[in-house]
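2 protein chains.
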Amino acid sequence: MLHAVIMAGGIGARFWPLSRRRKPKQLLDLLGEGTLLDQTLQRIAPLIPPERRWIVTNQEQMEMIRDSASAPEVSVILEPMGRNTAPAIGLAAVHLLRYDPDAVMLVLPADHRIQNNDAFRQCLQAAADLVADSDTLVTIGIEPTRPETGYGYIQIDRLAKPLAENIYRVKTFAEKPNLEVARRFFESGEFVWNSGIFVWRADVIMQQISDHLPQWYSGLQEIAVALGTPSEDAVTRRIFSALKGISIDYGVMEHATRVAVVRGTFQWSDVGSWDEVWRLVAQDENGNALRGNAQVVEGRNNLILAGDKLIAVVGMNDLIVVDSGDALLICPREGSQQVRALVDKLEKEGLDPYL
Amino acid sequence: MLHAVIMAGGIGARFWPLSRRRKPKQLLDLLGEGTLLDQTLQRIAPLIPPERRWIVTNQEQMEMIRDSASAPEVSVILEPMGRNTAPAIGLAAVHLLRYDPDAVMLVLPADHRIQNNDAFRQCLQAAADLVADSDTLVTIGIEPTRPETGYGYIQIDRLAKPLAENIYRVKTFAEKPNLEVARRFFESGEFVWNSGIFVWRADVIMQQISDHLPQWYSGLQEIAVALGTPSEDAVTRRIFSALKGISIDYGVMEHATRVAVVRGTFQWSDVGSWDEVWRLVAQDENGNALRGNAQVVEGRNNLILAGDKLIAVVGMNDLIVVDSGDALLICPREGSQQVRALVDKLEKEGLDPYL
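Protein chains in written order, with my numbering: chain E, 9 to 363; chain G, 9 to 363.
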């Protein structure tokens with residue numbers, strides 16, 4: 009049966025000062041549409057009943073997730089610590105297989121934004137139908153709309169016969185390219201963005217982990233044996249502590265042979281920075297996106313997320329200003345990736361109330 | 009006898025959000041040294057006893073001024089409305105002459121910053137000695153340290169014999185120059201900055217107002233007659249309502265024949281913008297001047313006046329950030345003159361709590 013596995017372990021330090029250890033990106037309403045996690049849950053609701061919705065997260069975030077509007081009814085799988093996507097997915101597979109040996113997993117990051125939800129669900133359903141009795145790993149690709157350098161790319165194998173309507177064999181995975189390469193990818197028509205959304209049978213991904221990440225496979229088998237016993241937590245913690253983190257792309261997808269990609273035409277964003285938030289929200293005729301008590305004089309293309317305090321920007325363009333109540337960030341749009349460096353500094357100085 | 013007349017009617021909208029109608033520039037501690045008004049009062053204290061210290065201000069500011077640390081003991085002269093410097097000075101002269109027909113006025117803006125207070129007082133005393141039995145108008149000039157375009161200039165008459173040590177006849181007054189002209193002024197050695205600080209006998213300035221601003225002179229005479237009577241306020245209001253504002257420089261100084269200038273060598277600033285505040289306060293090794301709860305990552309030459317809320321600036325240079333509690337300003341250093349445009353906008357939109 010079809011299960012949704014929502015990956016919600018990330019912190020999203022780039023969204024400081026709104027994102028905090030106990031309130032990471034997926035629990036923020038960055039776009040004024042509800043939290044990203046809620047949006048993710050609502051998006052798959054027509055496809056999957058509550059008892060087959062799973063969230064993989066950590067102890068720190070669990071409470072906040074349980075309190076989240078749509079989340080109380082889902083099952084939570086606890087990672088003892090972040091070890092990147094491959095172990096998180098393996099852990100989820102082990103949990104699912106305990107209840108459903110034929111489980112098909114939809115692996116969904118909790119912090120993406122998707123529009124055209126119907127088209128999105130059709131992609132997932134088509135992929136699920138394909139993998140139901142197949143050992144193929146399916147990844148959801150996004151038709152690129154610009155030569156973006158911030159995403160990984162997937163090359164479609166044009167010579168191979170499509171596996172189903174709009175589902176193709178993968179030729180290669182490509183890391184985030186530089187602009188020149190991104191332009192080539194974009195113009196070729198052979199590349200789609202790697203969304204980090206996957207569809208496969210739980211037993212098939214476990215077999216692939218066994219093939220490509222044997223140490224993790226043994227560890228996950230130990231956890232599988234301990235599930236439901238008093239030692240479950242301790243064993244899980246011991247395995248996660250001992251092994252190195254690795255992404256599912258790098259650890260499995262790039263080595264697997266039977267990999268397919270859906271050519272998704274829905275609007276998608278990983279909402280990766282404040283700059284991207286500016287791009288996604290409504291802007292006025294000067295390109296300013298203002299929320300809360302904000303004023304701009306002689307300024308264009310600014311994102312200002314204000315609260316009650318009046319934030320007045322005079323004579324500035326391309327600025328990010330975010331007021332979280334106890335803290336306020338000011339950075340240039342193109343430098344919004346540097347926010348992480350600030351969070352590192354706060355951590356180094358022991359300014360825990362702001363973390 | 010020597011009287012200090014402190015001109016404290018200005019609003020200083022360029023210091024929004026700290027400056028407000030009821031808390032103008034002179035009542036702010038912009039430099040972390042005490043309010044500019046307090047500093048002004050303390051600066052002249054060794055020269056003039058409390059009973060001969062006068063503050064010209066308006067109804068809106070009077071209460072705040074009375075509450076100010078050094079101000080309770082001074083006499084307040086109320087302008088019914090701002091009419092620029094000539095009427096304010098004339099009104100003060102009329103008040104002074106009622107008590108002291110031989111009054112010598114030191115006219116001091118309330119919102120300047122001066123260091124080397126001893127040198128400053130020596131200049132004032134020398135000017136006061138000169139005008140005691142003379143009809144000369146003396147203005148205090150400042151030896152320029154750069155080709156500043158934000159100040160007016162005074163040209164010294166090099167051909168005329170000095171009137172006293174360091175006191176020269178004035179050749180011309182020059183308005184704020186462009187950069188090319190400012191450079192010429194600066195390099196010539198003949199020009200000093202016009203500080204707006206004046207020394208003269210009260211009866212002499214009244215005679216000059218009579219010569220050059222006869223309508224104001226008649227009005228001031230009407231006020232003189234009404235002083236101490238029940239109609240004082242009403243007459244003052246009527247005269248100020250009826251006549252146009254004009255500066256003492258434009259209305260009198262540029263036309264008067266017996267004008268002298270002291271070549272002041274003390275450090276002086278009119279503290280005209282947030283940019284100037286940045287220049288005047290202590291900066292760290294990256295040129296950042298931070299007060300309150302502020303953090304800068306990868307940024308130089310920023311002025312951040314924070315309160316309790318953490319203000320974090322990432323990857324930005326030459327920025328002004330000022331948190332007043334209910335409002336926060338962000339503007340570029342070189343654009344800090346534009347702050348007035350913002351205040352106009354707030355006014356237009358009826359956002360009175362922020363004015």
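In this text, a Cβ means the ideal position worked out from N, Cα and C, and glycines have one as well.
From a predicted model like this one, the values you see are computed outputs, not experimental measurements.
Could you give the residue range of the beta strand (DSSP E) that holds G/V347?
Element bounds for G/V347: not the beta strand (DSSP E) but the alpha helix (DSSP H), 347-356.
Please classify E/P340: does DSSP put it in a helix, a strand, or coil?
In this structure, E/P340 counts as strand in the three-state DSSP scheme.
Based on the DSSP output, what are the partners of G/V305 in its beta bridges?
DSSP output for G/V305 lists G/V322 as bridge partner(s).
Using a cut-off of 8 Å between C-beta atoms, extract the partners of G/Q346 located in chain E.
Chain E residues near G/Q346: V305, E306, V322, G323.
Tell me the DSSP bridge mates of E/V87?
As written in the sequence, residue 87 of chain E is Glu, which differs from the Val given in the question. Partner(s): E/N66.
Assign G/N202 to one of two classes, buried (16 or more other C-beta atoms within 10 Å of its C-beta) or exposed (fewer than that).
It counts as buried.
Give me, in chain order, the residues of the same chain whose beta-carbon lies closer than 7 Å to that of G/E41; leave out the 5 immediate sequence neighbours on both sides.
Excluding residues within five positions, the ones whose Cβ falls inside 7 Å are Q47.
Taking the alpha-carbon positions, what's the G/G236 to G/G343 distance?
In a straight line, the C-alpha of G/G236 is about 47 Å away from that of G/G343.
Keeping to the same chain, check which residues put their C-beta closer than 6 Å to that of G/H120; ignore five residues upstream and five downstream.
Cβ within range, chain order: D278.
Using a Cβ-Cβ distance under 8 Å, would E/P340 count as near chain G?
Answer yes: the Cβ-Cβ gap between E/P340 and chain G drops below 8 Å somewhere.
Would G/L350 count as contacting chain E if we go by Cβ distances under 8 Å?
It does: the Cβ of G/L350 has a partner Cβ on chain E nearer than 8 Å.
If you follow the beta strand (DSSP E) that E/M214 is in, where does it begin and where does it stop?
Element bounds for E/M214: not the beta strand (DSSP E) but the alpha helix (DSSP H), 210-220.
Buried or exposed: which applies to G/H263, given that a residue is buried once 16 or more other Cβ atoms fall within 10 Å of its Cβ?
It counts as exposed.
Consider the Cβ of E/L318: report whether some Cβ of chain G lies at a distance smaller than 8 Å.
Closer than 8 Å: yes.
Do the region 123-137 of chain E and the region 153-160 of chain E touch if we need at least three Cβ pairs shorter than 8 Å?
Counting Cβ pairs under 8 Å, fewer than three are found: no touch.
Identify which residue in E/E87, E/E71, E/L114 has its Cα closest to the Cα of E/H11.
Measuring from the Cα of E/H11, the nearest candidate turns out to be E/L114.
Where does E/R209 land, buried or exposed, given buried means 16+ other C-beta within 10 angstroms?
With 16 or more other Cβ atoms within 10 Å, it is buried.
My output table needs one value for G/M9: the three-state DSSP class, helix, strand or coil.
Note: G/M9 maps to coil in three-state DSSP.
Tell me, please, whether the CB atom of E/K353 is closer than 8 Å to any CB atom in chain G?
So, interface residue.
Using the Cα positions of E/P340 and E/P25, report the straight-line distance between them to the nearest angstrom.
E/P340 and E/P25: Cα-Cα distance of roughly 15 Å.
Specify the secondary structure class of E/A94 as computed by DSSP and reduced to three states.
In the structure shown, E/A94 sits in a helix (DSSP, three-state: H, G or I).
Would you mind telling me which residues of chain E sit closer than 7 Å to G/A335, beta carbon to beta carbon, in chain order?
Chain E residues near G/A335: K317, L318, A320.
Any idea which residues DSSP pairs E/W201 with across the strands?
According to DSSP, E/W201 bridges with E/I150, E/Y161.
Please state if the CB of E/A268 and the CB of E/V178 are separated by a distance shorter than 8 Å.
A contact, by the Cβ cut-off of 8 Å.
Pick from G/N301, G/I319, G/A297, G/N325: whose alpha carbon is nearest that of G/R308?
Closest option to G/R308, Cα to Cα, is G/N325.
Once DSSP output is grouped into helix, strand and coil, what is the label at G/L187?
Of the three classes helix, strand and coil, the one that applies to G/L187 here is helix, per DSSP.
In chain order, which alpha helix (DSSP H) runs of at least 4 residues are fully inside the region 221-245 of chain E?
Within the region 221-245 of chain E, the complete alpha helix (DSSP H) runs of at least 4 residues are 222-234.
My output table needs one value for E/G259: the three-state DSSP class, helix, strand or coil.
Three-state DSSP puts E/G259 in a helix.
Pick from G/T244, G/Y225, G/S226: whose alpha carbon is nearest that of G/A234?
Taking only the C-alpha atoms, the option nearest G/A234 is G/T244.
Give the secondary structure of E/K33 by DSSP, where H, G and I count as helix, E and B as strand, and everything else as coil.
Reduced to three states, the DSSP call for E/K33 is helix.
Please tell me whether E/V189 has its Cβ less than 8 Å away from any Cβ of chain G.
Cβ-Cβ to chain G under 8 Å: no for E/V189.
Can you list the residues of chain G that E/Y362 reaches, using a CB-CB cut of under 7 Å?
Under the 7 Å cutoff, chain G gives L318.
For E/P117, which of helix, strand or coil comes out of DSSP?
Note: E/P117 maps to strand in three-state DSSP.
Give me the residue from E/F23, E/A21, E/Q50 with the minimum Cα distance to E/I14.
When only C-alpha atoms are compared, the closest one is E/Q50.
Check whether the Cβ atoms of G/M261 and G/V112 lie closer than 8 Å to each other.
Result no, Cβ atoms of G/M261 and G/V112 do not sit closer than 8 Å.
Tell me which residues share the same chain as E/I164 and place their Cβ nearer than 8 Å to its Cβ, disregarding the 5 neighbours each side in the sequence.
Result list for E/I164: G149, Y176, R177, V178, K179, E198, F199, V200, V269, R271, in chain order.
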